[in-house]
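One line per chain: the protein sequences are E and F, in this order.
Residue numbers for the first sequence, in my numbering: 1 to 192.
Residue numbers for the second sequence, in my numbering: 193 to 212.
Quick reminder that beta carbons are idealized off the backbone N, C-alpha and C, glycines included.
Predicted model only: the values in this text are computed from it and were never measured.
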Amino acid sequence: QELPLGEILDKYPLQNRWALWFFKNDKNRMWQANLRLVTRFSTVEDFWALYDHIKPASKLSCGCDYSLFKDGIEPMWEDTQNKRGGRWLITLAKQQRHSKLDCFWLDTLLCLIGEMFGDYSDELCGAVINIRSKGDKIAIWTREAENQEAVTHIGRVYKERLGLSQEVTIGYQAHADTATKSNSLTKTKFVV
Amino acid sequence: GKKQYDREFLLDFQFMPACI
């Protein structure tokens with residue numbers, strides 16, 4: 001059966017409009033000058049057009065980040081929608097960059113754009129991947145660290161979506177604790 | 193309702209040629 005032209009051209013709309021950011025570490029410039037908005041998208045098809053066009057995270061240089069945030073939220077603690085929030089953090093061993101990193105990051109993106117946390121998806125602000133020589137990190141950021149029910153639900157679903165085993169635990173850190181930490185250890189607020 | 197898509201649905205669109 002032939003579809004009308006208008007229907008063929010219709011794309012699948014996402015619940016939210018998302019913005020992809022890229023950070024490249026240049027010590028000669030201010031932190032914020034190194035952070036660039038790449039593009040925004042709001043349909044399934046446009047997400048893939050972007051994703052298939054950019055370098056996989058595992059091929060980025062050390063010190064670079066990708067961030068995917070809801071449009072209107074900047075990928076930094078200081079944003080009003082982030083500052084009371086925190087992040088579920090996945091840290092990867094060096095050797096996992098080639099085996100797991102791109103899969104985990106893609107599954108993270110699909111969780112966000114597909115609104116896979118149900119009603120709690122409204123708590124999501126975005127996700128960040130940090131490529132670092134000491135070990136890569138992936139995190140999903142939520143807007144309110146005190147909202148324990150939502151945060152732990154998101155953590156449990158996220159862990160399941162990544163296919164992490166029961167023995168592995170992931171921790172949630174409040175941005176306020178990360179920002180004020182005096183050493184490399186940030187307090188973990190929740191664990192799943 | 194909320195526009196929710198599961199992983200398999202979203203993955204079906206990867207590498208799909210863009211429509212013009």
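Contacting residues, own chain, Cβ-Cβ under 7 Å from residue i (five flanking each side not counted)
i	result
P56 of chain E	D102
G263 of chain E	Outside the modelled stretch of chain E, which goes from 1 to 192, sits residue 263 of chain E, for which no answer is possible.
G155 of chain E	W88, I170, Y172, F190, V192
C94 of chain E	Just to set this straight, residue 94 of chain E is Lys in the shown sequence, not Cys. So the qualifying residues of the chain are G135.
W77 of chain E	K83, H175, A179
K159 of chain E	I170, V192
Residue i vs residue j beta-carbon contact at 8 Å
i	j	result
T178 of chain E	V192 of chain E	no
F41 of chain E	W18 of chain E	yes
N25 of chain E	G72 of chain E	no
R161 of chain E	D107 of chain E	yes
N130 of chain E	K70 of chain E	no
L14 of chain E	K195 of chain F	yes
W48 of chain E	F205 of chain F	yes
Cutoff 8 Å: residue i Cβ touching any chain B Cβ
i	result
D52 of chain E	No chain B is part of this structure, whose protein chains are labelled E and F.
Closest Cα partner of residue i within the set the options
i	options	result
D198 of chain F	E:H53, E:R84, E:K181, E:V157	E:V157
F23 of chain E	E:V128, E:D107, E:G135, E:D10	E:V128
G163 of chain E	E:N130, E:K181, E:W105	E:W105
K83 of chain E	E:L50, E:H98, E:L124	E:L124
L203 of chain F	E:G118, E:Q15, E:S165, E:I113	E:I113
S61 of chain E	E:Q148, E:R36, E:V38, E:R132	E:R132
W88 of chain E	E:N34, E:Q148, E:E167	E:Q148
T39 of chain E	E:K181, E:T80, E:W31, E:H53	E:H53
F117 of chain E	E:T152, E:K94, E:D136	E:T152
Q96 of chain E	E:C111, E:K27, E:W48, E:I138	E:I138
S197 of chain E	E:R36, E:D10, E:E115	An answer regarding residue 197 of chain E cannot be provided, because it is not within the stretch 1 to 192 covered by chain E.
P75 of chain E	E:E115, E:N34, E:I90	E:N34
G126 of chain E	E:D79, E:S165, E:E167	E:D79
Residues of its chain near residue i, where Cβ-Cβ distance is below 8 Å and the 5 sequence neighbours each way are ignored
i	result
K100 of chain E	L92
Y12 of chain E	T43, V44, E45
H98 of chain E	S58
W31 of chain E	none
L109 of chain E	F47, Y51, L68, A127
Cut-off 6 Å between Cβ atoms - residues of its own chain near residue i, not counting five sequence neighbours on either side
i	result
K187 of chain E	D177
C111 of chain E	R161
A150 of chain E	Y120, E123
E115 of chain E	Q15, S121
Threshold first: 4 residues or longer. Then list the alpha helix (DSSP H) segments lying entirely within the segment 45-131 of chain E, N to C. Taking only runs of at least 4 residues, the alpha helix (DSSP H) segments lying wholly in the segment 45-131 of chain E are 102-113.
List, from N- to C-terminal side, the beta strand (DSSP E) runs of 3 residues or more that fit wholly inside the segment 148-183 of chain E. Qualifying beta strand (DSSP E) stretches, in chain order: 171-174.
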